[in-house]
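The block underneath contains the structure these notes are about, expressed in structure tokens.
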Amino acid sequence: SIKVLFFNLVFSIQARGFSVFIRSTIGWGYTNYAILFVTHRNIDLRPIKIEELYEEILFEITNNIGCEANDVCKESLIEFAQEAFKIPNSKHIEILEASRGKEPPNIRLNVEIIKAENLLPKDSNGFSDPFVTIYLESKSSHRYNSSVKTETLNPKWEEHFSLPITDNPRNEVLIVEI
């Protein structure tokens, strides 16, 4: 997530792939927008049109997770962006349809397993060799396992997992087994 200053307002934009939007001001009142493509260590800087930037922001708004239950939230953001960019209605509808026509981004659930405390002993030595299994209920055959922590009842993992979500994210259930 990056922050972009636009008309003295700060937008937080999730970059898709390796695209990062930046803004530079040259002189008084003249703004030059650019898109920065970063692929491994190569950097390519090219100017973009205000319509391209507006389309990307509309794409981010329409594909935002967490706003589905309340379409007023999305509509308010879209109206605000249209006012901020000063886009006429006819052009706005055209750009909005183009942004909705793009392939939606891949959604991932990022999970960090930190620790467990006061586990029950399972081994004859009074300890356990715990590990954590996580998976999405809709994909119970695709499981992720943490490392095994030997002879402990208070394991610390600090391990990260990224689970792909292909169905409706609001209906997904994360299963955690120790």
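As numbered in mature numbering (1 follows the signal peptide of the UniProt record, and there is no 0), residues -17 to -1, 1 to 161 make up the sequence shown, in order. Virtual Cβ for every residue (Gly too), placed ideally from N, Cα, C. Only a predicted model underlies this, so the values are computations on that prediction, with no experimental measurement involved.
Under a 10 Å Cβ-count criterion, Pro88 is classified as exposed, with fewer than 16 other Cβ atoms of the shown protein chains found around its own Cβ. Between the stretch 131 to 143 and the stretch 96 to 113 there are three or more C-beta pairs closer than 8 Å, enough to call the two in contact. Put simply, the backbone Cα of Ile78 is about 35 Å away from that of Val94. When DSSP assignments are scanned along the stretch 56 to 105, the uninterrupted stretches of beta strand (DSSP E) that are 3 or more residues long and fall wholly within it turn out to be 90 to 98.
In this structure, Ile148 and Ile97 do not form a Cβ contact; the two beta carbons are roughly 22 Å apart against a cut-off of 8 Å. The three-state reading of DSSP puts Pro152 in helix, counting H, G and I together.
Straight across, the Cα-Cα distance linking Glu86 with Glu80 is about 12 Å.
In this model, Phe42 and Ser121 are separated by some 27 Å (Cα to Cα). Taking 8 Å as the cut-off, the Cβ atoms of Tyr127 and Leu157 do not count as close.
Around the beta carbon of Glu62, fewer than 16 other beta carbons sit within 10 angstroms, so the residue counts as exposed.
In terms of CA proximity to Glu35, Ser82 leads the group Asn154, Ser82, Lys57, Ile44. Taking C-beta separations shorter than 6 Å and ignoring five residues to either side along the sequence, the partners of Leu92 in its chain run Leu146, Ile148, following chain order. By the criterion of a C-beta distance shorter than 7 Å, Tyr118 is surrounded in its chain by His125, Arg126, Tyr127, Ile158, once the five residues flanking it on both sides are discounted.
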